[in-house]
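In what follows, a structure is listed as structure tokens, so that the remarks can point back to it.
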Amino acid sequence: MRGLVRDTVLLVVATLILGTAANLVPGRQLSWWGKGFEPPRIGVDFNFLDSGSADAMRTSLPGVVVLDTRSATEFATGHVPGALPISYTELQAELTPERFGRLRSAGAIIIYGAGDETDVEQLVAQELRRRGLAPPYVLIGGFLAWQGSDLAVVGGTP
Amino acid sequence: MSWPRNRWLHRLLGLVLGGIFLYAAHAKVLDPRPLVTIIWNYRILPPGPVNLMAIYMPWLELLVGIALVTGFKRRAAALCSTGLLVAFMVALGINAVRGVNVACGCFSTSAEDVSNAWVLVLRDLPMLLAALVMLLFPPTPRAVVPIQPPTQH
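Going down the list, the sequences are from chains F and C. Be aware that the first sequence starts at 12, since it is given in this note's numbering, and climbs by one per residue. Be aware that the second sequence starts at 127, since it is given in this note's numbering, and climbs by one per residue.
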């Protein structure tokens with residue numbers, strides 16, 4: 012029993028040493044204590060929008076940008092017309108000055124994901140808000156709701 | 127009942143469970159930053175310790191994987207893996223009860239890799255069973271045959 016406790020402590024200590032050392036390597040560092048994470052707030056970071064209203068906004072207002080947070084494969088199999096793919100985990104790299112300029116000059120930004128879960132969309136909206144953009148709209152029900160409403164889809168097999 | 131103490135069973139379980147832990151750890155060890163979002167999305171930990179968990183948990187998974195595969199400190203690794211698996215199952219179970227399907231962060235660091243939380247809890251069960259066998263039924267030590275001193279004629 013004592014041997015088991017000693018070996019477990021050894022594993023934990025090795026974990027602490029390796030984790031600490033690895034977190035000192037530039038390029039993969041994290042702040043030791045998380046402090047920047049506040050849940051995205053509706054009405055502050057984003058607003059919800061249903062498919063019909065999103066389509067009306069997209070087709071009637073000039074300069075509406077639609078962002079697709081799904082994977083590249085899902086995007087290729089079908090997406091909202093004119094949508095731009097965007098990855099939350101690669102957001103910093105994907106927000107090139109050109110793309111950010113386009114978002115800044117957009118009349119409105121609509122973000123959608125795969126389905127009912129809107130966590131990723133809300134997080135993307137929050138990140139855009141943190142960069143000074145107006146609160147984007149998050150599509151309720153995501154691409155599934157869009158398809159369910161028989162709205163226009165681009166790409167994929169008919 | 128002696129089969130749970132079979133040396134070869136422990137080697138096999140260590141190889142399989144250790145392999146799973148190594149596979150799970152590799153992407154997170156290379157870059158733990160996306161893991162912060164995934165852990166935060168579980169909505170269980172307060173913001174502060176989320177980063178600490180993202181910094182250290184992948185390394186614990188890696189060391190546990192190495193220990194299980196090689197057999198070096200295998201029982202301690204089985205204890206750690208039991209703790210990790212129970213923690214994962216509790217976190218997933220809480221979100222399953224909430225009705226939220228989270229990105230589990232089990233084998234990838236994609237926040238969009240969302241799965242049914244109950245399925246993920248069930249997937250962890252056989253792994254927990256394997257860890258418990260290695261923890262609770264250590265192999266029986268080989269019988270030591272005393273060396274006989276040479277007989278003098």
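Note that the Cβ used here is the ideal one computed from N, Cα and C, for glycine as well. Please read all numbers here as calculations on a predicted model, not as lab measurements.
A contact is defined here as three or more CB-CB pairs under 8 Å, and the region 100 to 111 of chain F fails this definition with respect to the region 132 to 151 of chain C.
Of the residues C/Pro264, C/Arg169, C/Leu148, the one whose Cα lies closest to the Cα of C/Val228 is C/Arg169. Proximity of C/Leu148 to chain F, defined by a Cβ-Cβ separation below 8 Å, is not satisfied. CA-to-CA, the gap between F/Ala25 and C/Val259 works out to about 24 Å.
The Cβ atoms of C/Leu246 and C/Leu218 lie closer than 8 Å to each other. Within the region 110 to 131 of chain F, contact with chain C at the beta-carbon level (separation under 7 Å) is assigned to Glu128, Asp130, Val131. Nearest CB-CB separation between F/Leu150 and chain C: not below the 8 Å threshold. The beta carbons of F/Val91 and F/Trp43 sit about 40 Å from each other, so the pair does not count as a contact at 8 Å. Annotated three-state conformation of F/Ile97 is coil, per DSSP. Collapsing the DSSP output to three states places F/Ile122 in a strand.
When only Cα atoms are considered, F/Leu60 and F/Ile122 end up about 10 Å apart.
Within the same chain, Val162, Ile165, Trp166 come within 8 Å of C/Val176 by CB-CB distance, once the 5 residues on both sides are set aside. Taking all protein chains shown into account, C/Ala180 has 16 or more neighbouring C-beta atoms within 10 Å of its C-beta and is therefore buried. The alpha-carbon of C/Pro272 is positioned some 57 Å away from that of C/Asn242. Counting only residues of its own chain and dropping the five nearest sequence neighbours on each side, F/Leu41 has a CB closer than 8 Å to the CB of Asn34. Listed along chain F is no residue with a C-beta nearer than 9 Å to that of C/Leu143; the closest approach is about 15 Å. F/Ala87 is outside the set of residues whose beta carbon lies under 8 Å from a beta carbon in chain C.
Looking from the CA of F/Tyr99, the closest CA among F/Asp66, F/Thr80, F/Gly159 belongs to F/Thr80.
Contact annotation, F/Asp127 with F/Gly153: C-beta distance approximately 7 Å; criterion of less than 8 Å satisfied. CA-CA distance, F/Gly74 to C/Leu210, rounds to 49 Å. Short of 8 Å from the beta carbon of C/Thr208, and not among the five residues preceding or following it, lie these beta carbons of its own chain, in chain order: Leu254, Ala257, Leu258, Leu261. In terms of Cβ geometry, F/Val77 and F/Gly63 do not form a close pair [threshold 8 Å].
Residue range 13 to 33 is occupied by the alpha helix (DSSP H) that includes F/Asp18. In the structure shown, the three-state DSSP call for C/Asp250 is helix. Leaving aside the five residues that flank C/Leu143 on each side, the residues in its chain whose CB is nearer than 7 Å to its CB run, in chain order, Leu194, Ser207, Met253, Ala256, Ala257. Bridge pairing for F/Leu78: F/Leu95, F/Ile122 [DSSP]. Residue F/Ala65 holds the alpha-carbon nearest to the alpha-carbon of F/Leu162 among F/Ala32, F/Ala65, F/Gly30, F/Val36.
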